[in-house]
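Note that the UniProt record's numbering has the sequence shown beginning at 1, numbered continuously upward. Notes to accompany the following structure.
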Amino acid sequence: MHHPRNALQALAGRPLRFLWSAWPWRSLAYLLSGAVFGAAAALAISIALTAGVVAAVALAAVAVVPCGLVAGRFERWRLRLVDRAPAADPHERPGAPGPRAWLRTRLREQATWREAGYTLLSVLALWWVDLGAIAIGGAVPGVLLSAPFQPDTPLSLGLPLALAGAVIMPTAAYPITAWAGARATMARALLGSPDPELAEVVRSRARLVDAFEIERRRIERDLHDGAQQRLVTLALKLGMARLDLEPGSPAAERVAEAHEEAMQALAELRELIRGVHPRILTDLGLPEAVLDVAGRSPVPAEVDIVLPRRLPTATEVTAYFVVSEALANVAKHSRAARCLIRGRLTRETLVMEISDDGGGGADPASGTELAGLADRVAVLSGTMSLSSPAGGPTILRVEIPCA
Numbered sequence: 001m002h003h004p005r006n007a008l009q010a011l012a013g014r015p016l017r018f019l020w021s022a023w024p025w026r027s028l029a030y031l032l033s034g035a036v037f038g039a040a041a042a043l044a045i046s047i048a049l050t051a052g053v054v055a056a057v058a059l060a061a062v063a064v065v066p067c068g069l070v071a072g073r074f075e076r077w078r079l080r081l082v083d084r085a086p087a088a089d090p091h092e093r094p095g096a097p098g099p100r101a102w103l104r105t106r107l108r109e110q111a112t113w114r115e116a117g118y119t120l121l122s123v124l125a126l127w128w129v130d131l132g133a134i135a136i137g138g139a140v141p142g143v144l145l146s147a148p149f150q151p152d153t154p155l156s157l158g159l160p161l162a163l164a165g166a167v168i169m170p171t172a173a174y175p176i177t178a179w180a181g182a183r184a185t186m187a188r189a190l191l192g193s194p195d196p197e198l199a200e201v202v203r204s205r206a207r208l209v210d211a212f213e214i215e216r217r218r219i220e221r222d223l224h225d226g227a228q229q230r231l232v233t234l235a236l237k238l239g240m241a242r243l244d245l246e247p248g249s250p251a252a253e254r255v256a257e258a259h260e261e262a263m264q265a266l267a268e269l270r271e272l273i274r275g276v277h278p279r280i281l282t283d284l285g286l287p288e289a290v291l292d293v294a295g296r297s298p299v300p301a302e303v304d305i306v307l308p309r310r311l312p313t314a315t316e317v318t319a320y321f322v323v324s325e326a327l328a329n330v331a332k333h334s335r336a337a338r339c340l341i342r343g344r345l346t347r348e349t350l351v352m353e354i355s356d357d358g359g360g361g362a363d364p365a366s367g368t369e370l371a372g373l374a375d376r377v378a379v380l381s382g383t384m385s386l387s388s389p390a391g392g393p394t395i396l397r398v399e400i401p402c403a
């Protein structure tokens, strides 16, 4: 037998069987508790207003976040009256112990402000709608049931009307349950965690990013400690062999050519290693790594990156390759004389801006480089925007969450 998960499913299933279930009573309890909560909050606001508008506004500004957190938890608990599936807590666990870390985490979460907004909506409007739904559902049956007690209604008419009211009273369950289900759906959307399947996709993507980064670092380590060292040894031996041969002899010329080829291969391998995963990024962090790549840029680049600490590895790697690709694009397309690389950590989000004084006119849809950068940033739930009016300047802005 199929058991409905929530009140709306029960209402849409079998309307007659629905009347004999517990869902009408659960829906009524849901709306009544919401009305009581809203009325109590409205009364508290009215009392606060007696102290003056300025004081009430100041008190509301201080209390909106904690009240929203408490109300959100209460609303998620109340949802169990009309929805068997529990609403998961959308809040993150603070990254460090202590009240300051907890408060900092809560203030930057969207869930906190959704809870505050939902609380204000409940106090200002929703509890009135709750009472209205109950009143509308019970209005006609209530009037009919009260007919025998009306002084101008004869008993011979009042009793049949009361009987009719008792017969149709169960129909009040339909509008009450419909509104209770609609309100619960809205509450779940605003106060619950994201869809479990979507959340799992996000977690899976994060795991893939971590696994990919671990593999990149393994490849970099193998190339650095294996192939590069062999090429260095080969270049040294060829250089020593050149010294042992008579200058100008055919053998000396061939060894010299081989030595130059080995040095060129070593340079290309080092560039490849830097492209896979730069060692300086692992050892010294993002600011020093960006200084290194800016120092090798054909276009003079000024670096202004100030970070309070080392960032997550995936964030640093993504930011580094964004800067590398952006500098390559500046050198190839912008005709710029100089560029500026700026980075700050703002509310646990890394904000990078790469600007140049070139001719502008860059179109993000015209090539794959910028699209690839946007995809790389999006993997970490970041965003990328490009401003490049004709005549310049061009500003590439990237925001990557670090929490």
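Ideal Cβ placement from N, Cα and C applies to all residues, glycine included.
Here the alpha carbon of residue 312 sits roughly 33 Å from the alpha carbon of residue 86. When secondary structure is reduced to three states using DSSP, residue 33 falls in the helix class. By the criterion of a C-beta distance shorter than 6 Å, residue 50 is surrounded by no residue of its chain, once the five residues flanking it on both sides are discounted. Counted as a single uninterrupted DSSP element, the beta strand (DSSP E) harbouring residue 301 occupies residues 301-306. Shortest Cα-Cα distance from residue 110 to any of 192, 14 and 398 involves 192. Taking the C-beta atoms as reference points, residue 349 is found nearer than 8 Å to residue 402. Boundaries of the alpha helix (DSSP H) around residue 317: 313-329.
Residue environment analysis places residue 115 among the buried positions, since at least 16 neighbouring C-beta atoms fall within 10 angstroms of its C-beta. It is roughly 12 Å from the alpha-carbon of residue 71 to the alpha-carbon of residue 63. In this structure residue 394 touches residue 356 by the C-beta definition: roughly 5 Å separates them, less than 8 Å.
Counting every other CB atom within 10 Å of its CB across the protein chains shown gives residue 112 a total of 16 or more, marking it as buried.
Counting the other CB atoms within 10 Å of its CB gives residue 106 a total of 16 or more, which places it among the buried residues. Across the structure, residue 297 and residue 342 are spaced so that their CA atoms are roughly 16 Å apart. By the CB criterion at 8 Å, residue 389 and residue 360 fall inside the cutoff. At a Cβ-Cβ threshold of 8 Å, residue 181 and residue 8 count as neighbours. A distance below 7 Å between beta-carbons, with the five flanking residues on each side excluded, links residue 20 to no residue of its chain. With fewer than 16 other Cβ atoms from the protein chains shown falling within 10 Å of its own Cβ, residue 163 counts as exposed. The straight-line gap separating the alpha-carbon atoms of residue 190 and residue 91 is approximately 12 Å. Where residue 293 is concerned, the enclosing alpha helix (DSSP H) starts and stops at 286-295. For residue 89, the closest of 96, 79 and 229 by C-alpha to C-alpha distance is 79.
For residue 339, the secondary structure class from DSSP, reduced to helix, strand or coil, is strand. A straight line joining the alpha-carbon of residue 354 with that of residue 320 spans about 12 Å. Where residue 350 is concerned, there is no enclosing alpha helix (DSSP H), although the beta strand (DSSP E) around it starts and stops at 349-356. Here the alpha carbons of residue 302 and residue 248 stand approximately 46 Å from one another. Residue 351 has its alpha-carbon roughly 11 Å from the corresponding atom of residue 306. If you ignore the 5 residues before and after residue 35, its C-beta comes within less than 6 Å of the C-beta of 127, 130 and 131, all in its own chain and listed in chain order. Just measuring C-alpha positions, the residue of 175, 40 and 93 sitting nearest residue 120 is 40. DSSP lists 396 as the bridge partner or partners of residue 386. Ranked by Cα distance from residue 309, the options 322, 344 and 337 are led by 344. Assigned with DSSP and collapsed to three states, residue 50 falls in coil, not helix or strand.
Bounds of the alpha helix (DSSP H) holding residue 186 are 173-191. Boundaries cannot be given for residue 247, as no alpha helix (DSSP H) includes it and DSSP labels it neither H nor E. Distance check between residue 347 and each of 335, 339 and 101 places 101 closest, using alpha-carbon atoms only. Beta-bridge pairing by DSSP links residue 346 to 349. The DSSP-derived three-state label of residue 83 is strand. The residue among 398, 375, 235 and 25 with its C-alpha nearest the C-alpha of residue 169 is 25.
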